[in-house]
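J.: In the UniProt record's numbering, the protein residues as written are 1 to 455. Here a beta-carbon is modelled for each residue, glycine too, at the ideal position from N, C-alpha and C.
1) Could you pull out every residue in the same chain whose Cβ sits closer than 6 Å to the Cβ of residue 87, ignoring the five residues on either side in sequence?
2) Going by DSSP, name the residue or residues bridged to residue 170.
3) Can you give the Cα-Cα distance for residue 332 and residue 44, rounded to whole angstroms?
4) Give the single residue among 50, 239, 61 and 23 whose Cα lies nearest to the Cα of residue 39.
5) Is the CB of residue 20 under 8 Å away from at least one CB in chain D?
6) Kindly give me the distance between the Cβ atoms of residue 337 and residue 360, rounded to whole angstroms, as I take these residues to be in contact under 8 Å.
7) So, with DSSP's three-state summary, where would you put residue 214?
8) Which word fits residue 348, buried or exposed, when buried means at least 16 other C-beta atoms lie within 10 angstroms of its C-beta?
9) So residue 122 packs on residue 94, CB below 8 Å; how close in whole Å?
10) Are the Cβ atoms of residue 526 and residue 54 separated by less than 8 Å?
11) Taking all protein chains shown into account, decide if residue 264 is buried (16 or more other Cβ within 10 angstroms of its Cβ) or exposed.
12) Apart from the five residues just before and just after residue 318, which ones in its own chain have a Cβ nearer than 6 Å to its Cβ?
13) I need the DSSP call for residue 313, collapsed to helix, strand or coil.
14) Is residue 323 closer than 8 Å to residue 309 when the C-beta atoms are compared?
15) Is DSSP giving residue 73 helix, strand or coil here?
16) For my contact list, residue 32 and residue 258 are in at a C-beta cut-off of 8 Å; report their separation, rounded to the angstrom.
17) Indicate whether residue 101 and residue 92 have their beta-carbon atoms separated by less than 8 Å.
18) Could you tell me the alpha carbon to alpha carbon distance between residue 366 and residue 35, rounded to whole angstroms?
19) For residue 218, does the count of other Cβ atoms within 10 angstroms reach 16, so buried, or fall short, so exposed?
20) Per DSSP, what kind of secondary structure is residue 20 in: helix, strand or coil?
21) Look up residue 382 in the DSSP assignment and say whether it is helix, strand or coil.
22) For the ligand GTP, is there a heavy atom less than 7 Å away from the beta-carbon of residue 412?
23) Could you give the DSSP three-state label for residue 271: helix, strand or coil?
24) Count the other CB atoms, across all protein chains shown, that sit within 10 Å of the CB of residue 79; report buried if there are 16 or more and exposed otherwise.
25) Report the three-state DSSP secondary structure of residue 350 (helix, strand or coil).
26) Suppose contacts are defined by Cβ-Cβ distances below 8 Å. Is residue 252 in contact with residue 244 by that definition?
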């Protein structure tokens, strides 16, 4: 089925890289619903695997959004700086001079000279503004240092070629060219992305495997398969946060919140088939694993919904009372402190609060995992920083040294500037002053001004 839509996006020159943002507030609901309903009506879940069905749904939602939701350009390939009015005027003049020279056959005459002069003035203004921007940034960094300014300094050093590091050392080898530095970063991130057998704690890995086997056995022994209802899917969709970036599949919360009821029924059947077949499609396992998808909150959510654990008095979302020591209370206590500390609004923490939180977490872990895990918590409290944190600290130290050198350079420039200003304020130049001093010293009483060679 071919669906025609209005040309909502402006034409972009070939070779340009652009990004678009969907304007969900201007959605054509009728077109969006009809497109999805017509597509899903032609797909039979029973004749396809769960993987194929979920891929079909994702593509269907994206096609419907392209047809029914207008979009605007939010990024184009080009300069990333904010041009001043003077720069814009010089840029316009440079383009006009070029077009005039081009229209006359690109001859080697005064038009070419005017074009070169206009381009030279534009480059001069750009270099001037870039220098002023760097100077302003460094002055602000010295006067009001902060975490934001420090990370901005790191990003500038890792940015474009006129701001990057002079040298990158990799395994004792120095890289000076931009190509070698790019390859060095490529090898570094490739090494991070490749799974390695080493670097894992064998005991922790065994513990994770034991937990996985326990969950697997519990699911196999449970004869009552959980069933999702359409209302469960609707409630889950309502809890999605709007206005966020799309995931690795190109879907956002608005794709589901604006979808018709046919999508809800489709998802209900898919999730029920997952429980019946005991198979999670690979599409749900995609993406880069991070603490947002594999964290304490997720594990506790699985435990509280898939087991018969007793919740604490105030529920799993609040800090339990000090006297509550049940497994459910300890899990809620660990979850509370994890979310509290992970989303802390400051880079510092009160010592008393830290000790209290660490003691509560250690006691909870000890009651759940035994004396061995309790001792592990006590050891972690005084453990040295791991390798990644050491690298961060070394990077911070190096940046601080660069800031000190920069401050010293600025001080030397100020001293030289002061000397130049003193020289300019002196009405008698140095060569004349030396001549006068020599004449006075030799005892000559009359000085003829026409004998003084003023350079």
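T.: By the coordinates alone:
1) In the same chain as residue 87, and ignoring 5 residues on each side of it, the C-beta atoms closer than 6 Å to its own belong to 125, in chain order.
2) DSSP, once it has assigned bridges, lists 173 as partnering residue 170.
3) Whole-angstrom Cα-Cα distance: 42 Å.
4) Out of 50, 239, 61 and 23, 61 has the C-alpha closest to the C-alpha of residue 39.
5) Note that chain D does not occur in the displayed structure, where there is just one protein chain.
6) Yes, they are in contact, since the Cβ atoms of residue 337 and residue 360 sit about 7 Å apart, within 8 Å.
7) DSSP places residue 214 in helix when its eight states are reduced to three.
8) Counting every other CB atom within 10 Å of its CB across the protein chains shown gives residue 348 a total below 16, marking it as exposed.
9) Right, their Cβ atoms sit about 5 Å apart.
10) Limits of the chain in this structure are 1 at one end and 455 at the other, which puts residue 526 out of reach.
11) Buried is the call here.
12) Here residue 318 has no same chain residue with a Cβ atom under 6 Å from its own Cβ, once five neighbours each way along the sequence are excluded.
13) DSSP places residue 313 in the coil class of the three-state scheme, outside both helix and strand.
14) Between residue 309 and residue 323, the CB-CB gap reaches or exceeds 8 Å.
15) Judged by DSSP in its simplified three-state form, residue 73 adopts strand.
16) Between residue 32 and residue 258 a beta carbon distance of about 6 Å is seen, short of the 8 Å cut, so the two are scored as contacting.
17) In this structure, residue 101 lies away from residue 92, with their beta-carbon atoms at least 8 Å apart.
18) Computed Cα separation, rounded: 55 Å.
19) Exposed.
20) Residue 20 falls in the strand class under three-state DSSP.
21) In this structure, residue 382 counts as coil in the three-state DSSP scheme.
22) As far as ligands go, the structure on display features none, and thus does not contain the ligand GTP.
23) Helix at residue 271.
24) At residue 79, the pLDDT of 49 sits below 50, so the modelled position is not reliable; the number obtained from the coordinates is stated separately. It counts as exposed.
25) The answer is coil: DSSP assigns residue 350 none of H, G, I, E or B.
26) Against a cut-off of 8 Å, the Cβ pair of residue 244 and residue 252 comes out as a contact.
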